[in-house]
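Q: In the working numbering, the protein residues as written are 1 to 352. Shown below is the structure under consideration.
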Ligand code: CP3
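Written out as structure tokens, the structure is:
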């Protein structure tokens with residue numbers, strides 16, 4: 001018997017278009033990655049993480065690994081949000097056990113040394129990956145492209161890596177807003193180009209990751225999160241009106257509401273800390289995607305079952321995509337992902 005969910009159109013795209021499906025489609029942020037032994041094997045073969053991102057045969061294979069194992073409804077392109085600054089000419093390295101390291105851009109002088117001239121050439125392998133994955137995917141699986149949103153990418157560019165307090169990024173943004181606007185403008189322009197090329201190569205939906213949206217006060221959130229996101233969405237809607245854009249302003253809390261009202265995103269990624277009642281009220285206006293705690297997936301068992309069911313009970317009766325509230329953690333046992341997939345596939349199951 002055909003699965004009723006997959007009988008007409010790709011479930012993920014139907015949910016993002018506002019349909020309520022009998023069981024929600026699912027995929028997981030960071031579904032490809034170090035928790036999978038087959039990922040670690042290919043990563044070792046590629047040498048460096050950037051080599052992996054820029055080698056279409058390997059990046060396509062990594063994108064497909066979780067789909068083969070778990071049959072998610074969405075495959076997310078394997079790449080990283082920091083390939084954009086790299087393509088703009090910023091030195092980038094991924095240090096084992098530490099994360100990304102970049103040569104910091106903390107003033108107008110350093111900003112002036114970046115250039116969009118090489119972006120299309122440097123990122124061409126990413127588009128090739130998209131095309132390869134698209135032709136290899138099962139017919140019911142949708143391909144998701146992505147980029148970092150300007151504020152989040154700018155934090156890495158200015159801090160030179162991850163940060164706890166974002167002091168350098170805020171110092172630039174608050175101390176020289178016109179200069180920082182120059183960086184954000186460059187990122188808006190590059191991100192639009194980058195996402196358009198991904199869509200032309202075969203991406204069927206795109207997600208904007210604003211992982212550090214939640215560290216800004218309201219006025220700055222409007223200026224550096226909402227405004228640039230709205231410009232990117234408007235540009236994509238002009239060129240590719242049918243492709244859904246998922247916005248993920250992680251940690252935005254009460255500012256999810258103006259983000260939804262003012263950016264034009266088609267669907268909203270909700271993080272782990274957002275109460276389900278708030279997610280439910282946002283869902284009355286747009287499809288939502290989220291928000292299982294990645295630690296519940298890591299722990300598994302009762303904690304996983306209970307939190308996943310809570311989310312399904314709260315959100316599966318409206319347009320919904322099941323996902324985590326942030327990325328899969330490194331030590332997560334792959335069997336827990338299989339258990340979660342089975343639980344979602346069994347929804348709504350038999351009660352009583
Ligand atoms: O499976 C997927 O979701 C697709 C691939 C993907 C990666 N990064 C692969 C990756 C996606 C969508 C991202 C997004 C990303 N990258 C974000 C936004 C989402 C989030 O997690 O908040 C951010 C902030 C980054 C920047 C980044 N890349 C960091 C901070 C790190 C180091 C920390 C870590 O988790 O490893 C990376 C490296 C990275 N990106 C890895 C992977 C699989 C690990 C690299 C390795 O194999 O050593």
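Backbone N, C-alpha and C fix where the C-beta goes; we use that ideal spot for every residue, glycine too.
Quick check: the Cα distance between residue 331 and residue 300, rounded to an integer number of angstroms?
A: Their Cα atoms are separated by approximately 12 Å.
Q: Using DSSP bridges, identify the partner residues of residue 94.
A: Per DSSP, 100.
Q: By the DSSP assignment, the beta strand (DSSP E) with residue 144 in it spans what residues?
A: Start and end: 142-148.
Q: Suppose you measure from the CA of residue 296 to the CA of residue 304; what does that come to, to the nearest Å?
A: Going from the Cα of residue 296 to the Cα of residue 304 covers about 5 Å.
Q: For the alpha helix (DSSP H) containing residue 207, list its first residue and its last residue.
A: No alpha helix (DSSP H) holds residue 207; the beta strand (DSSP E) holding it covers 205-210.
Q: On the CB-based measure, 16 or more other CB atoms within 10 Å of its CB, does residue 352 come out buried or exposed?
A: Low confidence applies to residue 352: its pLDDT is 42, below 50, so where it sits in the model is not reliable, and the reading given next is rough at best. Result: exposed.
Q: Any heavy atom of the ligand CP3 within a distance shorter than 6 Å of the CB on residue 46?
A: No, the ligand CP3 has no heavy atom inside 6 Å of this Cβ.
Q: Can you list the beta strand (DSSP E) stretches of 3 or more residues lying completely in the stretch 54-82, in chain order?
A: Runs found: 74-76.
Q: Looking at residue 127 and residue 201, is the spacing between their C-beta atoms short of 7 Å?
A: Yes; because the gap between Cβ atoms is below 7 Å, this pair is in contact.
Q: Residues in its own chain within less than 8 Å of residue 115 by CB, not counting five upstream and five downstream?
A: The residues are 88 and 89.
Q: If you compare alpha carbons, which of 259, 205, 220 and 271 is closest to residue 240?
A: Minimum Cα distance to residue 240 is reached at 205.
Q: Tell me whether residue 48 is buried or exposed, calling it buried when 16 or more other Cβ atoms sit within 10 Å of its Cβ.
A: Counting Cβ neighbours within 10 Å, residue 48 comes out exposed, since fewer than 16 surround it.
Q: Considering only residues of the same chain and omitting the five flanking positions on each side of residue 13, which have a CB-CB separation below 8 Å?
A: 142, 204, 205 and 244.
Q: Measuring straight from C-alpha to C-alpha, what distance separates residue 17 and residue 135?
A: If you take the alpha carbons of residue 17 and residue 135, they lie about 23 Å apart.
Q: Could you tell me the distance, in whole angstroms, from the CA atom of residue 186 to the CA atom of residue 275?
A: Each residue's alpha carbon lies about 35 Å from the other.
Q: The beta strand (DSSP E) spanning residue 249 covers which residue range?
A: Taken as a continuous stretch (DSSP letters only), the beta strand (DSSP E) holding residue 249 covers 245-249.
Q: What is the C-beta distance between residue 378 and residue 156, in whole angstroms, given that I count them as a contact (C-beta under 8 Å)?
A: The structure shown does not extend to residue 378, since the chain is modelled only from 1 through 352, so no value can be given for it.
Q: Going by Cα to Cα distance, which pick from 292, 232 and 36 is closest to residue 266?
A: Of 292, 232 and 36, the residue nearest in Cα terms is 232.
Q: Does the Cβ of residue 30 lie closer than 6 Å to at least one heavy atom of the ligand CP3?
A: Yes.
Q: Shorter than 6 Å, the distance from the beta carbon of residue 43 to the closest heavy atom of the ligand CP3, or not?
A: At least one heavy atom of the ligand CP3 is nearer than 6 Å to the Cβ of residue 43, so yes.
Q: In the DSSP assignment, the alpha helix (DSSP H) including residue 270 goes from what residue to what residue?
A: No alpha helix (DSSP H) holds residue 270; DSSP gives it neither H nor E.
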